[in-house]
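Student: Okay, handing you the structure first.
In the numbering used here, the protein residues as written are 31 to 254.
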């Protein structure tokens, strides 16, 4: 029985450490969460991160049923995901760039609508960016054949504890990154904060273009 509890403890701290480490190199959803933190506030950036983690949680569940292997085996489905992700991420980045270039009075006209959508849009945005990103699914497929596979063989409860700890670690990492970004926003000059926000906006758009072009490349390699 003591060995069983030791295994639970090991699943908790291994999951936490793994989650913290793998969340540090941020993808499009992580960058978007920081951009929202800088432009709208810490709470909204954190909601983006929560939305992306919901997509990760769904991936973890789908792995148990082997449904994500369809993406790996079906090249046309892979192309669809890459292009769809590229279009969505580019649109989000383009819209952010367009809004940042508007005059203050033009932005004020959209404030009422923004406030109505503020509670829901960040989570949805984070979820869509992460779930439509093929890199998310391939990452979890890769992780499932290495780290996760070990814990899946220890039983459903231990695996569940590890998976929850893994996602908790990812949340803690994203929470810390966004918290630091929010503090940096408060101590930085408005001009510096604006430049950082614009850089993140262009970064999101660049991710979208890159994903779409990669989808075109995968399609070309498939049909040639």
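Glycine residues also receive a C-beta, built at the ideal position from the N, C-alpha and C atoms. Just so we're clear, the structure is a prediction, and the values are computed from it rather than from any experiment.
If we call anything under 8 angstroms between Cβ atoms a contact, is residue 126 one with residue 73?
Tutor: Cβ atoms of residue 126 and residue 73: not closer than 8 angstroms.
Student: Which value, in whole angstroms, describes the spacing of the CA atoms of residue 69 and residue 81?
Tutor: Cα to Cα, the separation comes out at about 18 angstroms.
Student: Whole angstroms are fine: how far does the CA of residue 78 sit from the CA of residue 169?
Tutor: Each residue's alpha carbon lies about 19 angstroms from the other.
Student: Touching or not, the region 34-48 and the region 115-124, by the rule of three or more beta carbon pairs under 8 angstroms?
Tutor: The region 34-48 is not in contact with the region 115-124.
Student: CB-CB under 6 angstroms to residue 60, same chain, minus the five flanking residues each way: which ones, in chain order?
Tutor: Excluding positions up to five away in sequence, the list is empty.
Student: Could you check the C-alpha separation between residue 206 and residue 38 for me, to the nearest Å?
Tutor: Those two C-alpha atoms are separated by around 26 angstroms.
Student: Would you mind giving the Cβ-Cβ distance between residue 41 and residue 197, rounded to the nearest angstrom? I have them listed as a contact below 8 angstroms.
Tutor: The pair is not a contact, with the Cβ atoms about 13 angstroms apart (cut-off 8 angstroms).
Student: Look at residue 248 and residue 105 and say whether their C-beta atoms are less than 8 angstroms apart.
Tutor: Yes; because the gap between Cβ atoms is below 8 angstroms, this pair is in contact.
Student: Using a 10 Å radius around the Cβ and a threshold of 16 neighbouring Cβ atoms, would you call residue 54 buried or exposed?
Tutor: By the 10 Å Cβ count, residue 54 comes out exposed.
Student: If you run the structure through DSSP and keep just helix, strand and coil, what is residue 185?
Tutor: Three-state DSSP puts residue 185 in coil, outside helix and strand.
Student: Do residue 90 and residue 252 have their CB atoms nearer than 8 angstroms?
Tutor: No, they are not a contact pair.
Student: Beta-carbon within less than 7 angstroms of residue 245's beta-carbon, same chain only, minus the 5 sequence neighbours each way: which residues are those?
Tutor: Excluding residues within five positions, the ones whose Cβ falls inside 7 angstroms are 109, 112, 113, 116.
Student: Taking only three categories from DSSP, how would you classify residue 166?
Tutor: The answer is helix: DSSP assigns residue 166 an H, G or I state.
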